[in-house]
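As given, the protein sequences belong to chains A and B, one line each in that order.
When you read off a place in the first sequence, starting at 1, and then add 634, the result is the number in our numbering.
When you read off a place in the second sequence, starting at 1, and then add 6, the result is the number in our numbering.
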Amino acid sequence: MTLLTVSDLRGGYGAADEIVRGASLTVEPGEIVALIGPNGAGKSTLLKLIAGLLRPRGGHVRLRGRDVAGLDAPDISRLGLAFVPQERNVFGAMSVAENLEMGGFLDRAHLRRRIDELYQRFPMLADKRRAAARTLSGGQRQILAMAMALMNAPALLLLDEPTAGLSPRAADELFATIVALNHGGVAILMVEQNALEALEVSARAYVLVQGRAEREGNAAELASDPTVRDLFLGGAAAPMLPQDRGDLR
Amino acid sequence: MSLILQALINGLVSGALLAVPAIGFTAMFAVLRFPNFSVSGIATLGAFAGYVAYGAGLQVVGSLAVAFVIAGAVGLVLDRVAHLPLVKQGALPAAIASIASGLVLENVVRLGFGNDLRGYDRPIARDMHIGDIRFSPQQFETMAVALAIMLAVFAALAFTRIGKAMRASADNPELAALKGIRPQRIAMMASFVGMGLVGMGGMLLGLDSSIDPLTGTRILLSIFAAAVLGGLGSPLGAVLGALLIGIAEEGAVLAVGSAYRAAVGFFAILIVLSLRPRGLLGERAF
């Protein structure tokens, strides 16, 4: 069964504000899917709509076949979806250990065991368990944010620009971590400005333009596509023009 | 010298009593994101609820529990009905509504009990002296109760699952929701516990002096000043702020007379907002 099916999803931040305009995509169990596109295409908004932080104005979000569009974020989290936002993704005033506890808020029974597992997987977190999360470096904070998301043993992890603001070395390490998590069986839907690296670690990808998935396909093929390369991999921040979108179709 | 020491001790005692409602006020601000000025009416309600319970034969601790539950329950209803629906329009409409709620509560108490001053009928105990410094055993008993309440609150915030969830929700409500923490439940919990603490604070201040329908109104500015001074949203900051306000108020009585005691709160708010708007410990510090 397809893990996540998004069909014709619409929505935005306000009543008159439609940033996502009929987006459709799927994520199969155990795969990494990249979501790339120009700034303002609605990538982060799409993730927030899927995770329940924003209420969709139309369309469907099916998680393991169940329509979750319109459910609140805590209810969607309970169903096995975890979202790591781009910013403010840890509780800055709380310690690393407390952040992990809050990550596992829904599953008290396995809290201790999962925290111990995560300390083994990410020894940095064990070393810094008593430190306030706000004192961590950018890369350490991203690791903590992902570890918090793993506390509920999600089937699907949504990552919003996980390498934003990181040094190239820290970004490489984070991509390696993402791949390792995926090898552990977690499916990942990732928004990433660092499109080339995102496509390298993904099985499939979608190109989101003006709130719609304009193109999808095998990540390696998209990475070698001249139009996609021109628009996102060479001049990554260049906006997609209407005639370019015609080319993509 | 002994006068200064006496003022310092009196200030610490009144600061400790003030800290209890200040923690309630700042905890509500941290989660609900508006200054809830109905604490004036809730403190009065708590003081009278405790007074009735004490008069009915309950001990101080039992009466405090009654004050906590009555104030918490009424505060929760007020928040759900009158304040939180307005928060979506911004903090200011909710804050204005809370001033109105406080006035309504104050006058409901006035309707039931009249305007007379009332005192808890506690056994008389002889003051103790160390040199020229005078201690009232009842004052210290009340302060000990206040300290025990504070310790219980901080232990709950530090060690319990729901306490940590409240801190998480205050720190980052969107992320807390993503972790499965229901914002509505945390808001209700913050209302109940915050208002309950304010109610207990009203009773503690009543135990230390007397009560009337204006009990809460008289301490409103001091509660607000303590929370702002410590850093709005920070329970530890509220304790620090309350102790400083208590000492400053006693110092003002000594230096310029009791008529200027109330000006201390205004002065503290003015200084903090001018020099360090986030308060001594910053918002949302533990």
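Idealized CB from N, CA, C, for every residue including glycine.
What you are looking at is a predicted structure, and each value in this text was computed from that prediction instead of being measured.
Taken atom to atom, the span from the alpha-carbon of A:L681 to that of A:R746 is near 29 Å. Close to chain A, meaning a Cβ-Cβ distance shorter than 8 Å, are the following residues of the stretch 168-179 of chain B: K170, A171, R173, A174, D177 and N178. For the stretch 714-733 of chain A, residues whose beta-carbon sits nearer than 9 Å to a beta-carbon of chain B comprise A716, F717, V718, P719, R722, N723, V724, F725, G726, A727, M728, E732 and N733. The DSSP-derived three-state label of A:R696 is strand. At a cut-off of 3 residues, the continuous stretches assigned as beta strand (DSSP E) that sit fully inside the stretch 652-712 of chain A are 654-661, 666-670 and 692-697.
For A:A685, the chain B residues whose Cβ falls inside 7 Å of its Cβ are L184, in order along the chain. Contact with chain B is absent for A:P757, since none of that chain's Cβ atoms lies less than 8 Å from the residue's Cβ. For A:L740, the chain B residues whose C-beta falls within less than 7 Å of its own C-beta are G186, listed in chain order.
Cα atoms of A:G646 and A:V843: separation of roughly 15 Å, rounded to the nearest angstrom.
Proximity of chain B to A:S711 at the Cβ level (cut-off 7 Å) is accounted for by L184, K185 and G186, in chain order. Take the alpha-carbon of B:L111 and the one of B:L98: they are about 20 Å apart. The beta carbon of B:L163 lies closer than 8 Å to those of G169, K170, M172, R173, P241 and F292 in the same chain, with the five residues before and after it left out.
If you check the CB distance, A:V702 and A:V640 do not come in under 8 Å. Looking at the backbone, the Cα of B:L260 and that of B:P189 are separated by about 46 Å. Annotated three-state conformation of A:R849 is strand, per DSSP. B:F31 is a Cβ neighbour of B:V45, given a cutoff of 8 Å. The DSSP-derived three-state label of A:Y647 is coil.
Listed in chain order, the alpha helix (DSSP H) runs fully inside the stretch 252-288 of chain B are 269-281, counting runs of at least 4 residues. Residue contact with chain B for A:E751: absent (no Cβ-Cβ distance below 8 Å to any residue of chain B). With a threshold of 8 Å between beta carbons, A:G648 makes no contact with chain B.
In the three-state reduction of the DSSP assignment, A:D741 falls in the coil class, being assigned neither a helical nor a strand state. B:L117 is classed as exposed because its beta carbon has fewer than 16 other beta carbons within 10 Å across all chains shown.
A distance below 8 Å between beta-carbons, with the five flanking residues on each side excluded, links A:G737 to the following residues of its chain, in chain order: A781, M782, A783, L784, M785 and N786. Under the 8 Å Cβ criterion, the stretch 75-94 of chain B does not count as touching the stretch 146-156 of chain B, having fewer than three qualifying pairs. As a beta-bridge residue in DSSP terms, B:M134 pairs with B:F141. Contact between the stretch 703-719 of chain A and the stretch 684-694 of chain A is established, with three or more Cβ pairs separated by less than 8 Å.
Cβ contact annotation for B:N121 (same chain, cutoff 8 Å, sequence separation greater than five): D218 and P219, in chain order. Taking B:A196 as reference, the option from B:R284, B:S107, B:L38 and B:L181 with the minimal CA-CA separation is B:L38. Between the C-alpha atoms of B:T50 and B:G288 there is a straight-line separation of about 29 Å. Within chain A, the C-beta atoms nearer than 8 Å to that of B:L181 come from P719, R722, N723, V724 and F725, in chain order. Per the Cβ contact rule, the stretch 195-211 of chain B is not in contact with the stretch 248-264 of chain B (fewer than 3 Cβ pairs under 8 Å). Comparing alpha carbon positions, the residue from A:R763, A:G699 and A:D706 closest to A:S729 is A:R763. If you look at A:I822, you'll find it in the beta strand (DSSP E) that goes A821 to V825. Interface flag for A:E735 against chain B is set, since a Cβ pair is found closer than 8 Å.
B:L64 carries a coil assignment under DSSP once its states are collapsed to helix, strand and coil.
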